[in-house]
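Colleague: Those letters in the sequence shown? Residues 0 to 308, per numbering that gives the first Met the number 0, in order. Quick reminder that beta carbons are idealized off the backbone N, C-alpha and C, glycines included. Bear in mind that the values here come from a model prediction, so they are computed numbers and not experimental data.
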Amino acid sequence: MRFSTRLRRRLLTALVAASVAAPVSGAAGSSAVPAPVPTALPYLSVTTLDARYAAARAEIRGAERAAAAAGHEGRAAALRAMAAPGRRFLSFDGRDGGRSAEVFGDLARADRIAVLVPGSGTTLDTYGRLYGGAANLAAALGERGAVIAWLGYATPSGTGLTVATTTRAEEAAPGLRAFTRSLAAARPGARLSLLCHSYGAVVCGSAAPGLPVDDIVLYGSPGAGTTTAAGLRTTATVWAGRGSRDWIAGVPHASFALGFATLGLGADPVSPAFGARVFPAGTATHNDYLTPGFPSLRAIAQIVTGHDH
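1. Determine the direct distance from the alpha carbon of Gly-219 to that of Ala-275, and round the result to whole angstroms.
2. Can you give me the C-alpha to C-alpha distance between Thr-233 and Glu-72, rounded to a whole angstrom?
3. With three or more C-beta pairs closer than 8 Å as the rule, is the stretch 155-170 touching the stretch 98-109?
4. Let me confirm a value: Asp-49 is counted as buried when at least 16 other C-beta atoms fall within 10 Å, else exposed. Which label applies?
5. Tell whether a beta-carbon distance below 8 Å holds between Gly-242 and Ala-283.
6. Going by beta carbon distance, what residues of the same chain come within less than 8 Å of Ala-27, once the five residues before and after it are set aside?
7. Run through DSSP, which three-state label would Ser-44 get?
8. Anyone know if the C-beta pair for Pro-173 and Leu-150 falls short of 8 Å?
9. Does the beta-carbon distance from Ser-197 to Ile-147 come in below 8 Å?
10. Determine which residues share a DSSP beta bridge with Trp-238 and list them.
11. So the candidates are Ser-181, Ala-153 and Leu-217; which of them puts its Cα closest to the Cα of Ala-171?
12. To which residues does DSSP link Cys-203 through a beta bridge?
13. Could you give the DSSP three-state label for Arg-1: helix, strand or coil?
14. Given a threshold of 16 other Cβ atoms within 10 Å of its Cβ, counted over all protein chains shown, does Ser-205 qualify as buried or as exposed?
15. Quick one: grab the DSSP three-state call for Val-19.
16. For Ala-283, does the three-state DSSP call read helix, strand or coil?
17. Of the residues His-252, Ala-229, Val-216 and Ala-80, which one's Cα is nearest the Cα of Ala-127?
18. Pop quiz: Asp-213 and Ser-181 are said to be a contact at Cβ under 8 Å. What is the actual Cβ separation, rounded to whole angstroms?
19. For Ala-67, does the three-state DSSP call read helix, strand or coil?
20. For Gly-87 and Thr-38, I'd like the C-alpha separation in whole angstroms.
21. Would you say Tyr-218 lies against chain C (beta-carbon separation less than 8 Å)?
22. In whole angstroms, what is the alpha-carbon distance linking Glu-68 and Asp-124?
23. Any idea what DSSP makes of Phe-178, helix, strand or coil?
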């Protein structure tokens, strides 16, 4: 009983820490912006990429018009930028905070593909951080690489109980599994990696069993919903990294079942007991792992290209 009480106190401390430190600017009002229901997209293949990009751009423009008509000028301006000719989206849905999958690089020719899965507080209103990281990684990978920024789920806001449970991750996992499998089918033979930041690591952990990927990279992660890397039930190499200035290190790594959810996000991914391959993340803070000049960006790029195996 004493251990159980101590554990509960530690997990509550983690919840408070996440609520204070996780960036949530714009998250609360993001889901209130109206947007049309998306239409069906062409099946994902190399030959349908241009059609997918065009269809997603039409969806973005429709969402822009809806946001402007409702007086949400900030969202409308952001959507206009997303609809620019140089941007390429495989999918887009402006409802409920936003869902999207944006491509950086030439997906039709790439033989090294990374899917970025973001963490809490990521919406269309805070998309710049995900965009910047994906662009930086694509530049580091070079011409043979492509990066997909996958905002494919309703991320927890970073406040309240949801961010300390696996519920949102379990809800998101089927979508990530379906997207990853369609990508693998569209680009057979390409090296495919999942890059999972913060709460995104819990999403990847829920989706991992049986996925056709070469690497699963957990960075800035509070846990992956399991006690060990083997618990992910994947043939992929599981990597983990955490910067020396990342506040996530202070989150207690444990979990216990409640009647309605599992509180806590699992074991520490960089601990020896977890069993992941640990890569150097240098002095990265929670949101700058993919910043140019940081050892973490170089290390992650090497993993995606297969040079760190």
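Modeller: In short:
1. Walking along the sequence shown from the start, residue 275 turns up at place 276. Walking along the sequence shown from the start, residue 219 turns up at place 220. Rounded to whole angstroms, Ala-275 to Gly-219 spans 14 Å at the Cα level.
2. Translated into positions along the sequence shown, residue 233 becomes position 234. Translated into positions along the sequence shown, residue 72 becomes position 73. So the alpha carbons of these two residues sit roughly 44 Å apart.
3. no
4. Working through the sequence shown from its first residue, we reach residue 49 at position 50. Asp-49 should be labelled exposed.
5. The count along the sequence shown starts at 1 and reaches residue 242 at position 243. The count along the sequence shown starts at 1 and reaches residue 283 at position 284. Contact: yes.
6. Against the sequence shown, residue 27 aligns to sequence position 28. For Ala-27, the pLDDT reaches just 48, beneath the cut-off of 50, and the residue's location in the model is therefore unreliable, leaving the point undetermined.
7. By one-based count along the sequence shown, residue 44 stands at place 45. In the structure shown, Ser-44 sits in coil (DSSP, three-state: anything other than H, G, I, E or B).
8. Along the sequence shown, one-based indexing puts residue 173 at 174. Along the sequence shown, one-based indexing puts residue 150 at 151. Result no, Cβ atoms of Pro-173 and Leu-150 do not sit closer than 8 Å.
9. As a first step, residue 197 must be located in the sequence shown, where it is residue number 198. As a first step, residue 147 must be located in the sequence shown, where it is residue number 148. Not closer than 8 Å, so no.
10. To locate residue 238, count along the sequence shown from 1; it is residue 239. Answer by DSSP bridge pairing, in chain order: Val-216 and Arg-276.
11. Locating residue 171 in the sequence shown gives position 172, where the first residue counts as 1. Answer by Cα proximity: Ala-153.
12. Translated into the one-based positions of the sequence shown, residue 203 becomes position 204. The partner list for Cys-203 (beta bridge, DSSP) is empty, contrary to what the question assumes.
13. As a working mapping, residue 1 is identified with position 2 in the sequence shown. With a pLDDT of 44 at Arg-1, under the threshold of 50, the modelled position of this residue cannot be trusted; read the value that follows with caution. Residue state, collapsed to three classes: helix.
14. One-based indexing of the sequence shown puts residue 205 at position 206. So Ser-205 ends up on the buried side.
15. Position 20 of the sequence shown, counting from 1, holds the residue named residue 19. Confidence at Val-19 is low in this model, with a pLDDT of 37, below 50, so the placement of that residue is unreliable and no value is reported for it.
16. As a first step, residue 283 must be located in the sequence shown, where it is residue number 284. Here Ala-283 sits in coil by DSSP.
17. Taking the first residue of the sequence shown as position 1, residue 127 is located at position 128. It is Gly, not Ala, that sits at residue 127 in the sequence shown. Nearest C-alpha to Gly-127: Ala-80.
18. Against the sequence shown, residue 213 aligns to sequence position 214. Against the sequence shown, residue 181 aligns to sequence position 182. Going by Cβ atoms, the distance from Asp-213 to Ser-181 rounds to 17 Å, so no, they are not a contact pair.
19. Numbered from its first residue, the sequence shown carries residue 67 at position 68. Correct three-state label for Ala-67: helix.
20. On the sequence shown, position 88 is the one that residue 87 refers to. On the sequence shown, position 39 is the one that residue 38 refers to. Correcting the residue identity first, residue 87 is Arg in this sequence and not Gly. C-alpha separation (whole angstroms): 17 Å.
21. Reference to chain C is not applicable here, since this structure consists of a single protein chain.
22. Within the sequence shown, numbered from 1, the residue matching residue 68 stands at position 69. Within the sequence shown, numbered from 1, the residue matching residue 124 stands at position 125. Looking at the sequence itself, residue 68 is Ala, so the reference to Glu does not match. Cα to Cα, Ala-68 sits roughly 17 Å from Asp-124.
23. The sequence position of residue 178 within the sequence shown is 179, counting from 1. Helix, per DSSP.
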